[in-house]
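Undergrad: Oh and the sequence shown: position 72 is 61 in this note's numbering, straight run, nothing missing. Every residue gets a Cβ at the ideal spot worked out from N, C-alpha and C, and that includes glycine. Sharing a structure, written as structure tokens. Questions coming.
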Amino acid sequence: MKINEELERLLGTEAFRQQTRTVGNSGGDGFESLLTRQLAQGGQSGADNPDLLRALGDPLRLANLDVMTLGGLNAAENAADSNGDEALLESLTAGLASGLDGLDNYAAGLDDRSSDGLRRAWNALENLDGALAGLRQDLGRLSQPNAELESMLNELEVLATTEKFKFNRGDYLVG
């Protein structure tokens, strides 16, 4: 008997979904026609009809999802963490912008193929390497990991390491 009840419930929710899809595709008066049909059916309201509630999803699961996305339960702790993290994020963002400026300085030094230009490029690369190491430490102090900043920092570190290798290999020697 439970199988039949479950089958009827599923068929009822599928019919309801089909009605909403049909009404949604019908044009501008879709909501009005759906509302009049539901009112004409009378019977069970949405709160009394468990099938309609099941079709909408589990409200407790949705509520837990909201709590998980907001973080911990202690609001004061979250506020303190977010203020500290906010300042740290601003610092990291400024550091990444400075790192990109360092790459521009490095590229400008490489454009000048003289020995002084290459020295400036090497110094810019060394400064960039030190700045990225400091940013890596600051990134570790965040209370929650930030994938976007970490990805950007990884890209800059790979670029700096590759350029150091190319520089040491002699790719930019004055000829």
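#1: Excluding five sequence neighbours on each side, which residues of the same chain lie with their C-beta closer than 8 Å to the C-beta of Y95?
#2: Are the CB atoms of G98 and G91 within a distance shorter than 8 Å?
#3: Can you tell me whether L(-1) is helix, strand or coil according to DSSP?
#4: Whose C-alpha, out of E(-5), Y161 and L124, is nearest the C-alpha of R108?
#5: If you follow the alpha helix (DSSP H) that S140 is part of, which residue opens it and which one closes it?
#6: May I have the straight-line CA-CA distance separating N(-7) from R26, to the nearest angstrom?
#7: For the alpha helix (DSSP H) holding L114, just list the boundary residues, first then last.
#8: When you compare the CB positions of R125 and L138, do they come within less than 8 Å of one another, or not?
#9: Is it the case that the Cβ atoms of L148 and L81 are separated by a distance below 8 Å?
#10: Distance, Cα to Cα, A76 vs F154?
#11: May I ask you to report which of helix, strand or coil DSSP gives N(-7)?
#12: Helix, strand or coil, according to DSSP, for L81 in the structure here?
#13: Excluding the 5 residues preceding and the 5 following L78 in the sequence, name in chain order all residues of the same chain whose CB lies nearer than 8 Å to its CB.
TA: Taking the structure as given:
#1: A110, A113, L114, L117 and E152
#2: no
#3: helix
#4: Y161
#5: A136 to R158
#6: 26 Å
#7: S104 to G129
#8: no
#9: no
#10: 34 Å
#11: helix
#12: helix
#13: L131, N135 and L138
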